[in-house]
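Asks:
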Amino acid sequence: MKQKIITSLLLLFLFFATGTVISSLYIRTTTSSLERLIRLHQVENLRQDLIMSIQTVQSELYTVGTDLGHKIDAIAENVSQLEKNAGGCTNCHHQPALEKKLLQLQASIGDYQNALSFYMTASADKNNIDRLKTEAAAIGNSLLRTTEEMSMDASRKLASMTTDAVGQIHEARSILLVTIILAFLVGIITAIRLTSSITGPIGLLVNAVRTIAAGNLGHKVAYQDKTEFGELADNINLMSSALSEGYDKLEKEIAERRQTEAALTESEAFLNTIFDSIHDPFCIFDREFRIVRSNDAYAAMKSGSIDPLTSPVCYELFHGSDAICEDCIVSSTFLSGDACAKEKIVRDHDGHESWLEIYTYPILDRDRTITHVIEYTRDITERKKAEAALRESEQRYALAAQGANDGLWDWNLRDNRIYYSVRWKSMLGYSDREIGNSPDEWLSRLHHDDREKVWSRINAYMLHGSQHLEIEYRIMHKDGTFRWMLCRGLAVRDGEGTPYRMAGSQTDITARKKAEDQLLHDAFHDALTGLANRALFRDRLHNAINRSKRLKQYLYAVMFFDVDRFKIINDSLGHAAGDKLLIEISGRMANCVRPGDTVARLGGDEFAVLLENVSDVTDVKSVVERIQSEFVPPFLIDGNEIYVTQSIGIALEQDRYEQPDQILSDADIAMYAAKAKGKSRYEIFDESMHSFVAERLQLEADLRVAVEHLDDFVLHYQPILDVNTRKLSGFEALVRWRHPLRGLIPPMEFIPLAEETGLIQPLGEWILREACRQLKKWQNEYHADWPLKMSANVSGRQFLNDNFVDTLIGIIEETGIAADTLAIELTESIIMENLDFAVKAMNRLRDLGVKIHIDDFGTGYSSLSYLNKFPVTALKIDRSFIANMSLNDENREIVRAIISLAQNLKLEVIAEGIELSAHLNEVSSMDCHFAQGYFFSKPMAAPEMTAWMVREDMVKVRK
């Protein structure tokens, strides 16, 4: 209804709005017409003014002495106004010729103004003036005719437009009047229709409600539309239907209740019959623990009669108590809402014991609230006796199984169910109830690699009937690990040989398997590092050789590693520390190779790596460089920082290799070639190395013979001078080997070999003794400005020996020199190799008075942070820095920095390799203390050095 009212009002509004718009349009049109009339009048007035101005000029043209200038200006102003107003009113005329006439008028006016101007400015020639006056008069007359014609046309147009405007005004007034009348009529009609559309439905709905109130519950209102009245009619119809249905439902419920009461009476009679037929004690309690129903057996069990009409309370009747028992099963059911079961022992009046099984069940109402509890009792005395006998039998069986420590299983093949003993389950980490009796409980836990094998063996045994079943397999423990089991079983067969039952045991053999695996592992792995041993390495190398024969694209390489100076470390720190170092080395090496490659310890400090399926030598070099970079950081062993380098030999796959020992031998040769070139290097094998190894082996044999006798060694001495005074300070002893065939061999060729073979110990001791003996001889025979001193190089293996300091003390005492005239030269790497041991040894030497010089300073490890902690006397600048000072400023600054560092630490500085006067001048300008080199003298044997000292006036002969 609301929508209908709104629609009617909108229509009425639209009607009024339409009438208003139409009237407005007519009024606007009339107004526009009046505006055009006014503008036309203005234009016409301007024309009249123009005509009068022209006529005035024309009349005065023939008057002598008249000033026409201001009149010409007035005509021009008048023409300008006419053009402006006529231009604004062009749309008013709707004449296509108007614009053309205006243009003609403008041209004529221009000609007229020009003629007048010529006339006014003409010379005094009378004939000329008359001619100009006549021309101006003719143009003016033509202009008057044109203007008058336009004025007449405009007057006719003005009259016509005036008539049209009056007609439009009358028409607009008529339309406005009609619109007002129609709007009034539409409003009356709309009000009548709205009133009838409201009062009609209301009357109809009131009558319907009265009919329903009178009792006609099914009455319907015959009114339908989409208004609020239609919605109200629908709701009244729904209410009527609901009242009718409710009344019908109520009648139906009354009928059903009567039927229910009849059924309840019948059911009660039925229950009474059941109660009387139950031989076991049976009773029903309400929430107050009153007995509302029981049978004769329950009363007999309680030794008395129970009258349900009196509703006796159980704890008062049976126990003479005024409260419920604490362990009452009926009370438990009321509290929990669940069925309960309980076993208890009772004694009759004769003292005879019986086992009773009591069950209680809750009775719920429609709201799921417990209203009663049923108690049902059974005598289970005989069953308890049978269970006791069965338990006794099972205990005997369990004791037997437990004594065997095996898990037992019994498989009924007919129903496909297996009994698993408690021990069988506990072997897998499960309790008795965590595993069922399905075969899948067993087979699903087998290792996936063993499952098919086990199932095949079981099927084969049942099919072919062998003597017994025996299988080893892996089965998953509860913790996720796999255990090795040995399963044995026997089948029971029927008369046709078909098995219907199979039983057996399961034994845990995990420890035995681990021991077997460990034995196998130990046979092919190094016990200390866990790496592959020589046997496993040779086996894998043999496979790689065979693979390369089959696959032409397959390439492999063998790398042979030897730990530089390992014996020194092992001797100085002990074998336990050496073993720890080998383990750490193994770990770093294993981290540098791919999973498919093999790292092996061949023995002692020798390792080997097999790189399989490499592309070319670039792959091998990248692995070597990775291992070398891994060995840059020091190893921390028992609090000691140990720097380790390796000499590495590489042998690449070749067709000539048939056996592992061939390529291993070539890699070993390449390793020795790398070690001979200065350690911490790698070399790739080539055929020329065979001769190198032969030479090296011969040199080693010759060295052993020479060290045994020591007659072939000689010391050369190079003088050390004070830079400022050029006076002799002392000597450095340098060993030479006079080989019987090869002549004089420099120390760089045989000292590393002596260190590697251990021959450095006797050789180094001889060098120190011979140098001290010669120093004492010179001190006895000659004297200088200060006592002469001797310095000697000591190798790492010699210095890190436990007996080195004691040996040196014996030499000093034996030769009789003063300890403070002897200097021991050590490299940075020797000190850093075993820092703690080195510091202790240096402290002992300092306490003796022996000087300690750091040789080749600046080329070894960065030990600056430890330098102030060392009992060092002097730093010797490496000859490479001195030689390159003139080549670049960087080396010069390094020398300057070393000298400055030594001065700050109050240490002496000795510059080695002074070969030019420029070198001497440079170090002198830097305040270097001492120098040695070929600029002063080359190393010479003792006799030659003695002659040089005398010749250069470095010493005086003692008298």
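My numbering numbers the first residue of the sequence shown as 400 and each following residue consecutively.
For glycine and all other residues, C-beta sits at the position ideal for the given N, C-alpha and C.
1) Around the Cβ of residue 533, are there at least 16 other Cβ atoms within 10 angstroms (buried) or fewer (exposed)?
2) Residue 1193 and residue 1150: beta carbons closer than 9 angstroms?
3) To the nearest angstrom, how far is it from the Cα of residue 1182 to the Cα of residue 1326?
4) With distance defined between alpha-carbon atoms, name the residue in 755, 780, 1179 and 681 nearest to residue 772.
5) Could you tell me the alpha carbon to alpha carbon distance between residue 1311 and residue 1330, rounded to whole angstroms?
6) How would you call residue 1354, buried or exposed, if buried means at least 16 neighbouring beta carbons within 10 angstroms?
7) On the DSSP bridge list, what partners appear for residue 1045?
8) For residue 1117, count neighbouring C-beta atoms within 10 Å of its own C-beta (all shown protein chains included) and say buried if the count is 16 or more, exposed if not.
9) Look at the alpha carbon of residue 697 and the alpha carbon of residue 679, and state the distance between them as a whole number of angstroms.
10) Figure out for me which residue from 807, 603, 654 and 651 has the closest Cα to the Cα of residue 633.
11) Once the 5 residues before and after residue 985 are set aside, which same chain residues still bring their CB inside 6 angstroms of it?
12) Give a yes or no on whether the C-beta atoms belonging to residue 809 and residue 906 are separated by under 9 angstroms.
13) Taking only three categories from DSSP, how would you classify residue 544?
14) Rounded to whole angstroms, how far is the Cβ of residue 1257 from the Cβ of residue 1297, which I believe are closer than 8 angstroms?
15) Under 8 angstroms by Cβ, that's how I've got residue 960 and residue 1083 pegged, so tell me the actual separation to the nearest angstrom.
16) Mapping DSSP to helix, strand and coil, what is residue 440?
17) Run through the DSSP bridge pairs and tell me what residue 1188 is partnered with.
18) What are the residues that DSSP puts in a beta bridge with residue 1118?
19) Classify residue 1011 as helix, strand or coil using the three-state DSSP reduction.
20) Spell out a yes or no on whether the segment 1119-1137 and the segment 1167-1183 are touching, meaning 3 or more CB-CB pairs, one atom from each, closer than 8 angstroms.
21) Let me check understanding here. Comparing Cα to Cα, which of 455, 458 and 448 lies closest to residue 476?
22) By the three-class DSSP mapping on this structure, what secondary structure does residue 574 have?
23) Tell me the residue span of the alpha helix (DSSP H) that contains residue 634.
24) Starting from the Cα of residue 1162, find the closest Cα among 754, 1140 and 1198 and give me that residue.
25) Spatial neighbours of residue 755 within its chain, please: CB distance less than 8 angstroms, with the 5 preceding and 5 following residues excluded, ordered by chain position.
26) Taking one C-beta from the segment 872-879 and one from the segment 835-849 each time, how about it: are there three or more such pairs within less than 8 angstroms?
27) If you follow the alpha helix (DSSP H) that residue 695 is in, where does it begin and where does it stop?
28) If I follow the unbroken beta strand (DSSP E) through residue 1353, where does it start and stop?
29) Is the Cβ of residue 929 closer than 9 angstroms to any Cβ of chain D?
30) Using 9 angstroms as the threshold, is the C-beta distance between residue 421 and residue 578 below it?
31) How is the beta strand (DSSP E) around residue 1250 delimited, first residue to last?
32) Would you call residue 855 buried or exposed, if buried means 16 or more other Cβ atoms sit within 10 Å of its Cβ?
33) For residue 945, which option in 859, 1059, 1006 and 920 has the closest C-alpha, if you only look at C-alpha atoms?
34) To the nearest angstrom, how far is the alpha carbon of residue 957 from that of residue 1073?
35) Is there contact between the segment 913-921 and the segment 972-983, where contact requires at least three CB pairs shorter than 8 angstroms?
36) May I ask you to check if the CB of residue 1280 is nearer than 8 angstroms to at least one heavy atom of the ligand HEM?
Replies: The structure says:
1) Counting from one through the sequence shown, the residue named residue 533 turns up at place 134. So residue 533 ends up on the exposed side.
2) As a working note, residue 1193 is residue 794 in the sequence shown. As a working note, residue 1150 is residue 751 in the sequence shown. Cβ atoms of residue 1193 and residue 1150: not closer than 9 angstroms.
3) Position 783 of the sequence shown, counting from 1, holds the residue named residue 1182. Position 927 of the sequence shown, counting from 1, holds the residue named residue 1326. Those two C-alpha atoms are separated by around 26 angstroms.
4) If you number the sequence shown from 1, residue 772 lands on position 373. It is 681 whose Cα lies nearest to the Cα of residue 772.
5) Locating residue 1311 in the sequence shown gives position 912, counting from the first residue. Locating residue 1330 in the sequence shown gives position 931, counting from the first residue. Answer to the nearest angstrom: the Cα atoms are 6 angstroms apart.
6) Position 955 of the sequence shown, counted from the first residue, corresponds to residue 1354. Under this definition residue 1354 is a buried residue.
7) In the sequence shown, residue 1045 corresponds to position 646, counting from 1. Beta-bridge pairing links residue 1045 to 962.
8) Taking the sequence shown and counting its residues from 1, one reaches residue 1117 at position 718. With 16 or more Cβ atoms within 10 Å of its Cβ, residue 1117 is classed as buried.
9) Walking along the sequence shown from the start, residue 697 turns up at place 298. Walking along the sequence shown from the start, residue 679 turns up at place 280. About 7 angstroms.
10) Within the sequence shown, the letter at position 234 stands for residue 633. The option with the nearest alpha carbon to residue 633 is 603.
11) As a working mapping, residue 985 is identified with position 586 in the sequence shown. Taken in chain order, the residues that qualify are 928 and 930.
12) Taking the sequence shown and counting its residues from 1, the one referred to as residue 809 is at position 410. Taking the sequence shown and counting its residues from 1, the one referred to as residue 906 is at position 507. Taking 9 angstroms as the Cβ cut-off, residue 809 and residue 906 do not qualify as a contacting pair.
13) Residue mapping note: residue 544 aligns to position 145 of the sequence shown, counting from 1. If DSSP states are grouped into helix, strand and coil, residue 544 belongs with the helices.
14) Mapped onto the sequence shown, residue 1257 falls at position 858. Mapped onto the sequence shown, residue 1297 falls at position 898. Taking the Cβ atoms as the reference, residue 1257 lies roughly 6 angstroms from residue 1297, within the contact range of under 8 angstroms.
15) Taking the first residue of the sequence shown as 1, we reach residue 960 at position 561. Taking the first residue of the sequence shown as 1, we reach residue 1083 at position 684. Under the criterion of beta carbons closer than 8 angstroms, residue 960 and residue 1083 do not qualify as touching, at roughly 14 angstroms.
16) Locating residue 440 in the sequence shown gives position 41, counting from the first residue. Residue 440: helix per DSSP, three-state reduction.
17) As a first step, residue 1188 must be located in the sequence shown, where it is residue number 789. Paired residues: 1129.
18) Position 719 of the sequence shown holds residue 1118. The partner list for residue 1118 (beta bridge, DSSP) reads 1130.
19) Your numbering for residue 1011 matches position 612 in the sequence shown. Three-state DSSP puts residue 1011 in a strand.
20) Touching, yes.
21) To locate residue 476, count along the sequence shown from 1; it is residue 77. If we check each option's Cα against that of residue 476, 448 comes out closest.
22) Within the sequence shown, the letter at position 175 stands for residue 574. Of the three classes helix, strand and coil, the one that applies to residue 574 here is helix, per DSSP.
23) Counted from its first residue, the sequence shown places residue 634 at position 235. Its alpha helix (DSSP H) spans residues 627-676.
24) By 1-based counting over the sequence shown, the position of residue 1162 is 763. Cα-wise, what sits closest to residue 1162 is 1198.
25) As a first step, residue 755 is located in the sequence shown; it is residue number 356 there, counting from the start. Contacts found: 742, 743, 744, 745, 776, 777, 778 and 779.
26) yes
27) Taking the first residue of the sequence shown as position 1, residue 695 is located at position 296. For residue 695, the enclosing alpha helix (DSSP H) starts and ends at 695-700.
28) The sequence position of residue 1353 within the sequence shown is 954, counting from 1. That residue, residue 1353, is in no beta strand (DSSP E); it is neither H nor E in DSSP.
29) As a matter of chain content, chain D is missing from the structure shown, which is built from one protein chain.
30) As a working note, residue 421 is residue 22 in the sequence shown. As a working note, residue 578 is residue 179 in the sequence shown. Yes, Cβ-Cβ distance for residue 421 and residue 578 is below 9 angstroms.
31) Taking the first residue of the sequence shown as 1, we reach residue 1250 at position 851. First-last of the beta strand (DSSP E) with residue 1250: 1250-1256.
32) Within the sequence shown, the letter at position 456 stands for residue 855. Exposed, because fewer than 16 other Cβ atoms sit within 10 Å of the Cβ of residue 855.
33) As a working mapping, residue 945 is identified with position 546 in the sequence shown. Distances from the CA of residue 945 to each of 859, 1059, 1006 and 920 were compared; the closest alpha carbon is that of 1059.
34) As a first step, residue 957 is located in the sequence shown; it is residue number 558 there, counting from the start. As a first step, residue 1073 is located in the sequence shown; it is residue number 674 there, counting from the start. Spanning the two alpha carbons is a distance of roughly 15 angstroms.
35) no
36) The ligand HEM is not among the ligands present in this structure, which contains no ligands whatsoever.
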